[in-house]
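Novice: Protein chains in written order, with full-length UniProt numbering: chain A, 1 to 193; chain B, 1 to 193. All residues carry an ideal CB built from backbone N, CA and C; glycine is no exception. Quantities reported herein were computed from a predicted structural model and do not represent experimental measurements.
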């Protein structure tokens, strides 16, 4: 007996979620993050938009799932904002080092960055997601100029690339707490200085 | 009349320098920066080692020429060390923004970084060059721990990638002097803090 794998307008079969994510990857790659819509992804997946909403609350959440990112902006922003404002630099450094320490959460992010650095479509998609869904939202909530949040992003982007992709020593083997102490004040100054 | 383009043991023909550089690129890619030698590159180019030294003072200089890098470590280190120590952060930020501002000097560096991020051999070559020929030398001259120079490298690596490759706004259009003001104190703290 052969089971057809062809996608149809099924209301919730085992791989509907996977089909929506595959459609999302195609639509994000083609249109970028900003111009992609839940409706357009539903059309590409041949399902009802309500079903897409059933699986994914937001376009940001769908992007994170499609790219296998370990965290969504909706999870990061509250983590950053809770706790004392004068420790936000330390919290952000610790959060990023923690999210990137395990290969299974780090590798999808690194894959996305690699694509963004070598492919024009992926670059647009990455840029729009990082700025509009992540950096500008954090900056606006903190009432920090966008340039300052991007300076903080640049610092941590360079650390993650240097530590895990280029594997510069002693950075690659440095104790996370030593990095929190070294980098926390930098991020703190950008965000509140 | 046909002129033979086949390389031989010629003492200084018009393209001997180019042949040495092509040989250098092959040897650096295969062996990495550390294990490559002037002698090995001369052998690969089928010329006398003395001729390689005639064109290139050092292995670092040959690497910079082979990769079409606009500056060699031998040029950067004195620039950083001359002038007041309390302005070294500002000088370093200004130097990097200046070297990366023109596409013709920036693109070879970006090409090297792209390769390092997607190719294992290129990554080894890049890591060895950046650490041993550049960062550790600057750090040792300044008597700064290697981790601190790598934090400064990470900051500026992230800025150059964010500004020119990922093209995040407002970073991509920011005035260089605004960036010097924002980033200078970060680098200064890493190098003297």
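1. Starting from residue 61 of chain B and walking both ways along the alpha helix (DSSP H), at which residues does that stretch end?
2. Should residue 155 of chain A and residue 40 of chain B be called a contact, given that it needs their Cβ atoms to be closer than 8 Å?
3. When you compare only the Cα positions, how much space is there between residue 62 of chain A and residue 150 of chain B?
4. For a contact defined as C-beta to C-beta under 7 Å, what are the partners of residue 146 of chain A on chain B?
5. Counting along the chain, where does the alpha helix (DSSP H) carrying residue 147 of chain B start and finish?
6. Give the residues from the region 69-93 of chain A that approach chain B closer than 8 Å (Cβ to any Cβ), ordered along the chain.
7. Is residue 209 of chain A near residue 99 of chain A, with beta carbons less than 8 Å apart?
8. Between which residues of its own chain and residue 96 of chain A is the CB-CB distance below 6 Å, once the five residues before and five after are set aside?
9. Using only the alpha-carbon positions, how far apart do residue 140 of chain A and residue 123 of chain B sit?
10. Chain B partners of residue 155 of chain A, CB-CB under 7 Å?
11. Of all the CB atoms in chain A, is at least one closer than 8 Å to the CB of residue 184 of chain B?
12. At 9 Å on the CB atoms, spell out the chain A contacts of residue 264 of chain B, in chain order.
13. Using DSSP with H/G/I as helix, E/B as strand and the rest coil, what is residue 18 of chain B?
14. Counting only beta-carbon atoms, is residue 150 of chain B nearer than 8 Å to chain A?
15. Just to confirm the assignment, what range does the alpha helix (DSSP H) spanning residue 142 of chain A have?
16. Give a yes or no on contact between the region 173-188 of chain B and the region 129-136 of chain A, applying the rule of three or more CB pairs nearer than 8 Å.
17. Entirely within the region 111-138 of chain A and at least 4 residues each: give me those alpha helix (DSSP H) ranges in chain order.
18. Between the beta-carbon of residue 196 of chain A and the beta-carbon of residue 152 of chain A, is there less than 8 Å?
19. Sorted by chain position, which residues of the same chain lie with C-beta nearer than 7 Å to residue 209 of chain A's C-beta, five sequence neighbours on each side aside?
20. Is residue 88 of chain B near the ligand NAD, judged by its Cβ being under 7 Å from some heavy atom?
21. Does the Cβ-Cβ distance between residue 27 of chain A and residue 44 of chain A come in under 8 Å?
22. CA-CA distance, residue 69 of chain A and residue 84 of chain A?
23. Could you name the residues of the same chain whose beta carbon sits closer than 6 Å to that of residue 188 of chain B, not counting the 5 residues immediately before and after it, in chain order?
24. Suppose you measure from the CA of residue 42 of chain B to the CA of residue 18 of chain B; what does that come to, to the nearest Å?
25. So residue 165 of chain A contacts chain B; which residues on that side make the cut at Cβ distance below 7 Å?
26. Would residue 166 of chain A and residue 116 of chain B qualify as a contact pair, given that the criterion is a beta-carbon distance under 8 Å?
27. Please confirm whether residue 131 of chain A has its beta-carbon closer than 8 Å to some beta-carbon of chain B.
28. For residue 24 of chain B, does the three-state DSSP call read helix, strand or coil?
29. If I measure Cβ to Cβ from residue 144 of chain B and keep anything under 7 Å in the same chain, skipping five residues before and after, which residues do I get?
30. Would you kindly report the start and end of the unbroken alpha helix (DSSP H) that includes residue 43 of chain A?
31. Give a yes or no on whether the minimum CB-CB distance between residue 137 of chain A and chain B is below 8 Å.
32. Residue 86 of chain B by DSSP, collapsed to three states: which one?
33. Examine chain A for any beta-carbon lying closer than 8 Å to the beta-carbon of residue 10 of chain B, and answer yes or no.
34. Looking at C-alpha atoms only, which residue of A:172, A:160, A:20 is the closest neighbour of residue 67 of chain A?
35. Is there a C-beta anywhere in chain A that falls below 8 Å from the one on residue 56 of chain B?
36. The alpha helix (DSSP H) spanning residue 79 of chain B covers which residue range?
Specialist: According to the structure data:
1. For the purposes of this step, residue 61 of chain B is taken as residue 61 along the second chain, with counting starting at 1. From DSSP, the alpha helix (DSSP H) with residue 61 of chain B extends over 59-66.
2. In the first chain, residue 155 of chain A corresponds to position 155, counting from 1. In the second chain, residue 40 of chain B corresponds to position 40, counting from 1. With contacts defined by Cβ atoms closer than 8 Å, residue 155 of chain A and residue 40 of chain B do not form a contacting pair.
3. Position 62 of the first chain, counted from the start, is the residue given in the question as residue 62 of chain A. Position 150 of the second chain, counted from the start, is the residue given in the question as residue 150 of chain B. Taking the straight line from one Cα to the other gives about 35 Å.
4. Translated into positions along the first chain, residue 146 of chain A becomes position 146. Taking the beta carbon of residue 146 of chain A as reference, the chain B residues within 7 Å of it are 170, listed in sequence order.
5. By one-based count along the second chain, residue 147 of chain B stands at place 147. Its alpha helix (DSSP H) spans residues 146-160.
6. none
7. Only positions 1 to 193 of chain A appear in the structure, and residue 209 of chain A is not among them; the question remains open.
8. For this step, residue 96 of chain A is matched to residue 96 along the first chain. Excluding sequence neighbours, residue 96 of chain A sits near 156.
9. Position 140 of the first chain, counting from 1, holds the residue named residue 140 of chain A. Position 123 of the second chain, counting from 1, holds the residue named residue 123 of chain B. Straight-line spacing of the CA atoms in residue 140 of chain A and residue 123 of chain B works out to 37 Å.
10. The count along the first chain starts at 1 and reaches residue 155 of chain A at position 155. Neighbours of residue 155 of chain A on chain B, chain order: 154, 155, 158.
11. Within the second chain, numbered from 1, the residue matching residue 184 of chain B stands at position 184. Not an interface residue.
12. Nothing can be reported for residue 264 of chain B, as the shown portion of chain B is limited to 1 through 193.
13. Here the question's residue 18 of chain B lines up with position 18 in the second chain. Here residue 18 of chain B carries a helix assignment [DSSP, helix/strand/coil].
14. Here residue 150 of chain B corresponds to residue number 150 of the second chain, with the count starting at 1. Cβ-Cβ to chain A under 8 Å: yes for residue 150 of chain B.
15. As a first step, residue 142 of chain A is located in the first chain; it is residue number 142 there, counting from the start. Unbroken alpha helix (DSSP H) run through residue 142 of chain A: 136-142.
16. No: the two stretches stay apart, fewer than three of their Cβ pairs being nearer than 8 Å.
17. 120-128
18. The structure shown does not extend to residue 196 of chain A, since chain A is modelled only from 1 through 193, so no value can be given for it.
19. In the structure as shown, chain A starts at 1 and stops at 193, and residue 209 of chain A therefore has no counterpart that could be examined.
20. Of ligands this structure carries none, so the ligand NAD is not represented either.
21. Taking the first residue of the first chain as position 1, residue 27 of chain A is located at position 27. Taking the first residue of the first chain as position 1, residue 44 of chain A is located at position 44. Their beta carbons are under 8 Å apart, which means residue 27 of chain A touches residue 44 of chain A by this criterion.
22. In the first chain, the residue the question calls residue 69 of chain A occupies position 69. In the first chain, the residue the question calls residue 84 of chain A occupies position 84. Rounded to the nearest angstrom, the two C-alpha atoms are 27 Å apart.
23. Sequence index remark: in the second chain, residue 188 of chain B carries index 188 (1-based). Taken in chain order, the residues that qualify are 89.
24. Taking the first residue of the second chain as position 1, residue 42 of chain B is located at position 42. Taking the first residue of the second chain as position 1, residue 18 of chain B is located at position 18. Those two C-alpha atoms are separated by around 12 Å.
25. Indexing the first chain from 1 puts residue 165 of chain A at position 165. Result: 117.
26. Locating residue 166 of chain A in the first chain gives position 166, where the first residue counts as 1. Locating residue 116 of chain B in the second chain gives position 116, where the first residue counts as 1. Contact: yes.
27. If you number the first chain from 1, residue 131 of chain A lands on position 131. Yes, residue 131 of chain A counts as interfacial toward chain B.
28. Reading the second chain from its first residue, position 24 is the one you call residue 24 of chain B. Residue state, collapsed to three classes: helix.
29. Here residue 144 of chain B is taken as the residue at index 144 of the second chain, counted from 1. 191.
30. Counted from its first residue, the first chain places residue 43 of chain A at position 43. Start and end: 38-45.
31. What you label residue 137 of chain A is simply residue 137 of the first chain in a count that begins at 1. Taking Cβ atoms only, chain B never reaches closer than 8 Å to residue 137 of chain A, which makes this a no.
32. The residue labelled residue 86 of chain B in the question sits at position 86 within the second chain. Of the three classes helix, strand and coil, the one that applies to residue 86 of chain B here is helix, per DSSP.
33. For the purposes of this step, residue 10 of chain B is taken as the residue at position 10 of the second chain. Because the pLDDT at residue 10 of chain B is just 49, under 50, the model does not fix this residue reliably, and the point stays unresolved.
34. For the purposes of this step, residue 67 of chain A is identified with residue 67 of the first chain, where counting begins at 1. Taking only the C-alpha atoms, the option nearest residue 67 of chain A is A:20.
35. Indexing the second chain from 1 puts residue 56 of chain B at position 56. Taking Cβ atoms only, chain A never reaches closer than 8 Å to residue 56 of chain B, which makes this a no.
36. Against the second chain, residue 79 of chain B aligns to sequence position 79. From DSSP, the alpha helix (DSSP H) with residue 79 of chain B extends over 73-81.
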